[in-house]
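Only one structure is covered here, and it is reproduced in the block below.
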């Protein structure tokens, strides 16, 4: 049997080859056939999950609830020291010095990365801003979010913190972070679907040992990671509850 | 356990009030007018068991409340109860979460030093194997205009509750 593996479409394009190399490594380590298919967008991903065409996924926390509670996935591991955080930034020469100064109708550049967008929108709430009172411009990458700010197409940008910190110095010097999230408990995780139930222990064993040999460390480096940490079932449930409080909107 | 507040913990001038905590009885609280600003970008997170006893707090909770983690874990969540909050708000909260639903509202919390801080709170029941095993409360920085709306609303709700008690 060939298992189906996919990666949440918000992965950085810099790591696309890294994920294929990881898949090759994982097949050897497990002695199983695994096919990696990258999805173009979240719509395609959600359709594949709905049709039970995914066995292994590097999942965005936004999808964790559906995967665990509706589709019976088991969280395996998360990146070591790697929680997802967001940055709200403006142009360096902007007159805006705090979130509370942003008026209704503010143009916000964002991406389709759902957890980062959610964290960003929560950080805009103290200004009384929500989806209905801002003008959202969805960009294909964080570089394009930066470009939207620099070209004056938007006043505010929502970035993944790592993506903001990895912008080139000339671009970063023209931007100014207004606020950074410090949530610490929202993270991507690798999850196994029900067809992989019998392999869960072995998957965790090989993944957790991955940083202990040079070949494994190289593969991790290709993903921008230093290693994996286990995700306990209750930890995953806690994150899912927390995500639900953040996505909750009264009737 | 939850005891009365101690003058030695209080920063600045304070006044004394006695609040009735549901299931716990009276608590003497010492209250100042000092507001602690909510830190940008943070979430204050805690978990309780089904009786409202704190089982977990995050670092932001510890910092904002002024208590140590050891003081918080094992204490009832009402350790944060500010006398300006109407009882009806917490009645609505408990009725909602015990019914398995999510509650959201604006809350004025009391710090160990007698000061206060406003939050937008969302409380979710932790359902495991079909049963509620506890609650997670997540607070974030509120829109100040919503807080300004809550101040007179809560004051009038509280005045009404005090009238009812006096009758």
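Residue numbers (my numbering), protein chains in the order written: chain A, 72 to 322; chain B, 4 to 170. Just so you know, even glycine gets a beta-carbon here, dropped at the ideal spot from N, CA and C. These numbers were taken from a predicted model, which means no experiment stands behind them.
| Check | Outcome |
| --- | --- |
| C-alpha distance - residue 100 of chain A paired with residue 117 of chain A, whole-angstrom precision | 28 Å |
| Touching by the beta-carbon criterion (3+ pairs, under 8 Å), the region 128-140 of chain B and the region 44-53 of chain B | yes |
| Contact with chain A by residue 15 of chain B, beta-carbon distance below 8 Å | no |
| Nearest-angstrom Cα separation, counted from residue 81 of chain A out to residue 185 of chain A | 8 Å |
| Collapsed DSSP secondary structure at residue 113 of chain B in the structure displayed | strand |
| Of the listed residues A:268, A:133, A:91 and A:245, nearest to residue 311 of chain A (C-alpha basis) | A:133 |
| Against chain B: residues of the region 123-155 of chain A by CB proximity under 8 Å | none |
| Distance CB(residue 144 of chain B)-CB(residue 196 of chain A) smaller than 8 Å | yes |
| Environment of residue 152 of chain A [buried if 16+ CB atoms lie within 10 Å] | exposed |
| Stretch pair the region 89-103 of chain B + the region 148-166 of chain B: three plus CB contacts closer than 8 Å | yes |
| Contact list for residue 199 of chain A against chain B, beta-carbon separation under 9 Å | 146, 147, 148 and 149 |
| Cβ neighbour criterion (16 or more within 10 Å) applied to residue 142 of chain B | buried |
| Identity of the residues DSSP links to residue 146 of chain A by a beta bridge | A:262 |
| As assigned by DSSP and simplified to three states, the class of residue 256 of chain A | coil |
| Of the listed residues A:264, A:113 and A:298, nearest to residue 183 of chain A (C-alpha basis) | A:113 |
| Interface residues of chain B facing residue 252 of chain A [CB-CB closer than 7 Å] | 44 |
| Proximal residues to residue 277 of chain A (C-beta, below 7 Å), its chain only, five neighbours per side dropped | 100 and 101 |
| Stretch pair the region 161-176 of chain A + the region 188-206 of chain A: three plus CB contacts closer than 8 Å | yes |
| Three-state class that DSSP yields for residue 108 of chain A in the structure shown | coil |
| Segment contact, 8 Å Cβ cut-off, at least three pairs: the region 243-259 of chain A with the region 157-166 of chain A | yes |
| Cα-Cα separation, residue 318 of chain A to residue 44 of chain B | 16 Å |
| Cβ of residue 313 of chain A within 8 Å of any chain B Cβ | yes |
| Min CB distance residue 321 of chain A to chain B below 8 Å | yes |
| Span of the beta strand (DSSP E) around residue 128 of chain B | 119-131 |
| Neighbour list for residue 125 of chain B in chain A, Cβ cutoff strictly below 7 Å | 316 and 319 |
| One or two residues paired with residue 209 of chain A in a DSSP bridge | A:181 |
| Boundaries of the beta strand (DSSP E) in which residue 28 of chain B is found, first to last residue | 28-34 |
| CB-CB length for residue 61 of chain B against residue 47 of chain B, believed under 8 Å | 7 Å |
| CB contact flag (residue 115 of chain B, residue 63 of chain B, <8 Å) | no |
| Backbone CA spacing between residue 120 of chain B and residue 38 of chain B [nearest angstrom] | 6 Å |
| C-beta contact flag for residue 229 of chain A and residue 188 of chain A at 8 Å | yes |
| CA nearest to the CA of residue 323 of chain A, picked from A:268, A:296, A:155 and A:169 | As displayed, chain A neither begins before 72 nor continues past 322, which places residue 323 of chain A out of reach and without an answer. |
| Proximity test, Cβ basis, 8 Å: residue 167 of chain A and chain B | no |
| Backbone secondary structure at residue 170 of chain B - three-state DSSP | coil |
| CB of residue 57 of chain A within 8 Å of CB of residue 92 of chain A, strictly | Coverage of chain A is limited to positions 72 through 322, which leaves residue 57 of chain A absent and any answer about it impossible. |
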